[in-house]
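Student: Following this message is one structure expressed as structure tokens.
Chains as they are written, first to last, in this note's numbering: chain A, 1 to 104; chain B, 105 to 710.
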């Protein structure tokens, strides 16, 4: 019971006290963390396992997986990731009314 | 033909330009059939394209500060993406990268990952916020966000060190290509290259550089992709090489084993005969041949360096809005991807052309005298980019008896694979475009920082527009000449100095830029400490390693940015926390930067 009250108090305070701008920044930061997490996996994470990727039976288009990821895989994922990120950020800006005027 | 404003007609104008360029290629091909000499074709290709860039540069002349510094902030998303791609892809990407992959295989492909992954950092951490700021230069952001001339000056120092290291390599590349294509000595060709670079940027600053860079991107991407597709089809390897070269990659591994790669070693005495700068294949093509940390540390440096190099960042100051800046990063990477995903394919095709005895072009296993009689071998041997020698005296050419310069992989492959010379001319024009566009961006980044941040903001804040722009142009020429003079000395290779530039930029600027947006508590003292200590520690480490210090954590002279940026981060955080928090006005400024709507922090003309 007391936990519930405390939880309510905490969330209530955060929800009310945060200005529109703070909420916007909170969401923007969240999006940044997700984007950077995906970026980390495909730019750094998988290359700890170069030898395992080479031995893997997953062979995109017939290339060894390690070779494929360095030539095309990761690169393509970065392109898609940036456009996805830009779309999400535009949605967040819209949600809080921070979109630029079109005649800018 | 083109009614209305220039900006509204961009697709039509560049569409016509691309069509015109393709017609030019066809005309050259016809001329070659009619008997025009290879030399003349090379001259036509380089001279014609350079003249077009100079014409664009002249048409974009301006006497307005916002046009000179940020192209009037009206460059549409996709075109800014193309311009950034040209700005970004230098002689190192165009001429040297495929060569690096050819010799070193997987270990080298860390550059592909690093030079693309960095754009995720640019898009998410920096570009949109710096665009909202409304600055003219990167030090302009540092100087205003942190306040004070010391922060501004420190940023200018880091920018100059990094960009200048980079620009000498690019002027070197333009000189190399101009000397080969126009058949003039290198130390004169360097100044020919410089003159063409300055013609593009001097009269119109950023505006001129933007529109020439778009034109240069079109030339360089055609020049890179056409041979890759052509060779692949000619060899019967596949219509779409990127998706269909798996068998060829496997075939190379087979041949490497057959020819005893890595088993037969050259003696030191043998290697002494090989001209400087040439190398043989010593690493397997597609095998994982490096430790994970070596691969990852190089990728990290290239990524953080991407996000700190001012000549890239300032391209995103030219878009009409914050939203456009963000999308523009995606387009930039897409256009870069087109070339980067082709580089390993070119290396594969080049290697197979030379190695496979089943192909008419294969030379390994042929008799030495036969190889020495081949036309293209003689040409490139004369240019000091190819060498064979019968070390074991058996009369046939072994894998370890063939040596090539890194540049030759891109420049000579069309000839080796038996394509008409017109393609080689096209490739030379492409390499020239790549090196020129990057050199322009860099020279402009340095001279803008000196003229705007040092001259106008620190020395003479009352200077009139006309005077500011004259100072900017004089500095541009001076820096260009300084770069060319150093390039003429040929101190180090293209790829090495480009990688250093990334490490310098990362050491001094990465954290001061990122924390300027993402950490409100960061203050001027912290930023100055971060920039200077980062740059100094990185440089000290580099010099130490160059002089025989073994280094630690496996950090080499190619990855010294890791040390520099760590020192930069720690000193910036510690000093910021020990000194006073930024005042309320600065905090409000950071809040303003974080939302896209509303006015920019700095006015349109400042």
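Ideal Cβ placement from N, Cα and C applies to all residues, glycine included. All of these numbers come straight from a predicted model, not from anything done at the bench.
1. What residue range does the alpha helix (DSSP H) around residue 132(B) cover?
2. May I ask you to report which of helix, strand or coil DSSP gives residue 507(B)?
3. Within 10 angstroms of the Cβ of residue 657(B), are there 16 or more other Cβ atoms? Answer buried if so, exposed if not.
4. With a cut-off of 8 Å on the beta carbons, I'd call residue 232(B) and residue 419(B) a contact; round off their distance for me.
5. Should residue 669(B) be flagged as near chain A, meaning a C-beta pair shorter than 7 Å?
6. Identify the contact partners of residue 314(B) in chain A, using a Cβ-Cβ distance below 9 Å as the criterion.
7. Evaluate the contact criterion for the stretch 638-658 of chain B versus the stretch 443-450 of chain B: three or more CB pairs, one atom per stretch, below 8 Å.
8. Within 10 angstroms of the Cβ of residue 519(B), are there 16 or more other Cβ atoms? Answer buried if so, exposed if not.
9. Is there at least one non-hydrogen atom of the ligand PLP closer than 6 Å to the beta-carbon of residue 245(B)?
10. Under 8 Å by Cβ, that's how I've got residue 677(B) and residue 666(B) pegged, so tell me the actual separation to the nearest angstrom.
11. Can you tell me whether residue 492(B) is helix, strand or coil according to DSSP?
12. Have a look at residue 201(B) and residue 406(B) and give me their C-alpha separation to the nearest angstrom.
13. Can you pull the chain B neighbours of residue 44(A), defined as C-beta to C-beta under 8 Å?
14. Kindly list the residues whose CB is nearer than 8 Å to the CB of residue 167(B), restricted to its own chain and excluding five residues on each side of it in sequence; keep chain order.
15. Let me know if residue 48(A) comes out buried or exposed under the rule of 16 or more other beta-carbons within 10 Å of its beta-carbon.
16. Nearest-angstrom Cα distance between residue 265(B) and residue 243(B)?
17. Name the chain B residues that come within less than 8 Å of residue 41(A), Cβ to Cβ?
18. Reducing DSSP to helix, strand and coil, say where residue 471(B) ends up.
19. Residues in its own chain within less than 7 Å of residue 325(B) by CB, not counting five upstream and five downstream?
20. By how many angstroms is the C-alpha of residue 389(B) removed from the C-alpha of residue 238(B)?
21. Provide the residue span of the alpha helix (DSSP H) that contains residue 390(B), from first to last.
22. If we define contact as Cβ-Cβ less than 7 Å, is residue 54(A) a contact residue for chain B?
23. Could you tell me the alpha carbon to alpha carbon distance between residue 562(B) and residue 259(B), rounded to whole angstroms?
24. Among the residues of its own chain, which have a CB less than 8 Å from the CB of residue 104(A), if the five just before and after it don't count?
25. Does the CB of residue 48(A) have a neighbour CB from chain B at under 7 Å?
26. Any C-beta of chain A sitting closer than 7 Å to the C-beta of residue 190(B)?
27. Restricting to Cα atoms, I'd like to know which of 70(A), 38(A) and 24(A) is closest to residue 211(B).
28. Applying the 10 Å Cβ sphere with the 16-neighbour rule, what's the burial state of residue 461(B)?
29. Where residue 523(B) and residue 339(B) are concerned, what is the direct C-alpha to C-alpha distance, given to the nearest angstrom?
30. For a cutoff of 7 Å on Cβ pairs, would you count residue 81(A) as touching chain B?
31. If you draw a straight line from the alpha carbon of residue 230(B) to that of residue 77(A), how long is it in whole angstroms?
32. Any beta carbon from chain B within less than 7 Å of residue 62(A)'s own beta carbon?
33. With a cut-off of 8 Å on the beta carbons, I'd call residue 434(B) and residue 44(A) a contact; round off their distance for me.
34. Does the separation of the CB atoms of residue 317(B) and residue 191(B) fall below 7 Å?
35. Determine whether the beta carbon atoms of residue 297(B) and residue 308(B) lie at a separation below 7 Å.
36. Which residues of chain B have a Cβ atom closer than 9 Å to the Cβ of residue 65(A), listed in chain order?
Tutor: According to the structure data:
1. 114-137
2. strand
3. exposed
4. At roughly 13 Å, the Cβ-Cβ gap does not stay under 8 Å, so residue 232(B) and residue 419(B) are not in contact.
5. no
6. Those do not exist, as residue 314(B) stays about 19 Å from chain A at its closest Cβ, beyond 9 Å.
7. no
8. buried
9. Ligands displayed in this structure: none; no statement on the ligand PLP is therefore possible.
10. Rounded, the Cβ-Cβ distance is 17 Å, inconsistent with contact.
11. strand
12. 14 Å
13. 400, 403 and 404
14. 569, 570 and 573
15. exposed
16. 13 Å
17. Simply none; closest approach about 11 Å.
18. strand
19. 442 and 443
20. 46 Å
21. From DSSP, residue 390(B) is part of no alpha helix (DSSP H); its letter is neither H nor E.
22. yes
23. 13 Å
24. With a pLDDT of only 45 at residue 104(A), under the threshold of 50, the placement of this residue in the model should not be trusted; the figure read from the coordinates follows. Counting only Cβ-Cβ distances below 8 Å, and skipping sequence neighbours, we find nothing.
25. yes
26. no
27. 70(A)
28. exposed
29. 11 Å
30. yes
31. 20 Å
32. yes
33. At roughly 21 Å, the Cβ-Cβ gap does not stay under 8 Å, so residue 434(B) and residue 44(A) are not in contact.
34. yes
35. no
36. None at all; the shortest Cβ gap to chain B is about 10 Å.
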